[in-house]
Amino acid sequence: MTASSPSSLLRIGLTGGIGSGKSTVAEQWRRAGHRVVDLDAHSRAVLDVPGAGVEEAVDRFGERYRDRQGTIDRAALATLVFADDEARAALEAIVLGRVDEAVAAEERAAVLAGETLVVHDSPLLLEKDHEDDYLAVIAVLARREDRIDRVVRDRGRDRTYVESIMAAQVTDLERIRRADRLILNTGDREVLARRADRALGAVLQQAEDSAVR
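Add 46 to a position in the sequence shown, counting from 1, and you land on the number used in my numbering.
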């Protein structure tokens, strides 16, 4: 994760399993004018742009994981790391330090822009036990079959791939236990948007109430 955020920022964590609709919620808040830091996008950039991260990954996992563009074949590498705890830990060691630097830069930019809120869109927030880094953690939940169908349909992945990622993530029961707020993605996009705004509004109201006590 990142180092402590600047004291003037309220930091909220947004998380959810693959296919839950977390990214849709993040985009809803981004359109509303909130700064949303996409940790997964920063992670992908480490392996999608030729440079030190790519070379370190190739050194560790082999040339067979370099694609024709000179970056990492992330689909092939994902198949490996979601089935091999040691490989996953090695990949995280390559990626996470670079992600921390990118996120810290975004937070500095937020402070310079006079912003008071930053949302971290973080799919592995609970898996990495980072909930204490946030004022509040909001988790998006959806039915298992809906999640699988969504990823197969929208991302062109097969069911086995989706289930392998689900197996490496915490369960929704764990999300329910550990998150401060839940957003249930059981309706259409308009319903999800209303629930997302209500959850974020409740967290911000609670923060405001605490500040004036």
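Ideal Cβ placement from N, Cα and C applies to all residues, glycine included.
The structure presented is a predicted model; accordingly, all values stated were derived computationally and were not measured.
Taking residue i as the reference, which of the options has the closest Cα?
| i | options | result |
| --- | --- | --- |
| HIS261 | ARG134, VAL237 and ILE140 | Because the chain in this structure spans residues 47 to 259, residue 261 falls outside the shown range and cannot be described. |
| LEU228 | ALA242, ARG199, VAL216 and GLN215 | ALA242 |
| ARG106 | ASP175, VAL127 and ILE184 | VAL127 |
| PRO96 | ARG244, ASP113 and SER54 | ASP113 |
| ALA124 | LEU250, ALA135 and GLU153 | ALA135 |
| ASP146 | THR61, HIS166 and THR162 | HIS166 |
| ARG108 | ALA156, LEU137 and TYR207 | Looking at the sequence provided, one finds Gly at residue 108 rather than Arg. Closest option to GLY108, Cα to Cα, is LEU137. |
| MET212 | GLU191, LEU142 and GLY116 | GLU191 |
| SER66 | VAL237, LEU230, ILE118 and ALA248 | LEU230 |
| ARG144 | SER256, GLU102, ALA225 and VAL216 | GLU102 |
| ILE222 | ALA185, GLN252, LEU158 and ASP175 | ALA185 |
| ARG81 | GLY160, GLU254, ARG244 and ASP175 | GLY160 |
| ALA188 | VAL100, VAL249, GLY233 and SER256 | GLY233 |
| LEU142 | ALA248, LYS174, GLY79 and SER69 | LYS174 |
| LYS68 | GLN252, GLU254 and ARG235 | ARG235 |
| ASP153 | GLN251, LEU56 and ALA253 | The residue asked about is misnamed: residue 153 is Glu in this sequence, not Asp. When each option's Cα is compared against that of GLU153, the closest is LEU56. |
Tell me the DSSP secondary structure of residue i in three-state form.
| i | result |
| --- | --- |
| ARG205 | helix |
| GLN251 | helix |
| ASP195 | helix |
| THR42 | Nothing about residue 42 can be read from this structure; the chain reaches only from 47 to 259. |
| ILE184 | strand |
| GLY62 | strand |
| VAL82 | strand |
| ARG90 | helix |
| ARG244 | helix |
| SER50 | Bear in mind that a pLDDT of 46 at SER50, under 50, signals an unreliable position, so the number given afterwards is only what the model happens to contain. Coil, per DSSP. |
| ARG190 | helix |
| ARG235 | helix |
| ARG112 | strand |
For residue i and residue j, which I take to be in contact (beta-carbon distance under 8 Å), what is that distance rounded to the nearest angstrom?
| i | j | result |
| --- | --- | --- |
| VAL83 | VAL164 | 6 Å |
| ARG120 | LEU93 | 6 Å |
| ASP179 | GLY63 | ASP179 to GLY63, Cβ: 20 Å. No contact. |
| PRO169 | ASP86 | 6 Å |
| VAL208 | VAL197 | 5 Å |
| SER54 | THR162 | 7 Å |
| THR61 | VAL183 | 6 Å |
| ILE58 | LEU158 | Not confirmed; about 20 Å, so no contact. |
With respect to the alpha helix (DSSP H) encompassing residue i, which residues constitute its N-terminal and C-terminal limits?
| i | result |
| --- | --- |
| GLY99 | 98 to 107 |
| ILE118 | Note, ILE118: premise wrong, no alpha helix (DSSP H); not H, not E. |
| ASP218 | 218 to 224 |
| LEU158 | 131 to 158 |
| ARG76 | 68 to 77 |
Quick one: give me the first and last residue of the beta strand (DSSP E) that residue i is part of.
| i | result |
| --- | --- |
| ASP167 | 163 to 167 |
| LEU170 | Per DSSP, LEU170 belongs to no beta strand (DSSP E) and is neither H nor E. |
| LEU228 | 227 to 230 |
Quick one: residues in its chain with C-beta nearer than 6 Å to the C-beta of residue i, no 5 flanking neighbours on either side, listed in chain order?
| i | result |
| --- | --- |
| SER50 | Note that SER50 scores a pLDDT of 46, beneath 50, so its modelled location is shaky; the value from the coordinates is reported in the next line. So the list is empty, once near-sequence residues are dropped. |
| THR48 | Only weak support is given to the placement of THR48: the predicted model assigns it a pLDDT of 42, under 50, and the question is left unresolved by the model. |
Below 8 Å CB to CB, which residues in the same chain sit around residue i once its five sequence neighbours on both sides are set aside?
| i | result |
| --- | --- |
| GLU220 | LEU172 |
Only counting the same chain, and skipping five residues up and downstream in sequence, which positions put a Cβ closer than 7 Å to that of residue i?
| i | result |
| --- | --- |
| ARG76 | VAL82 |
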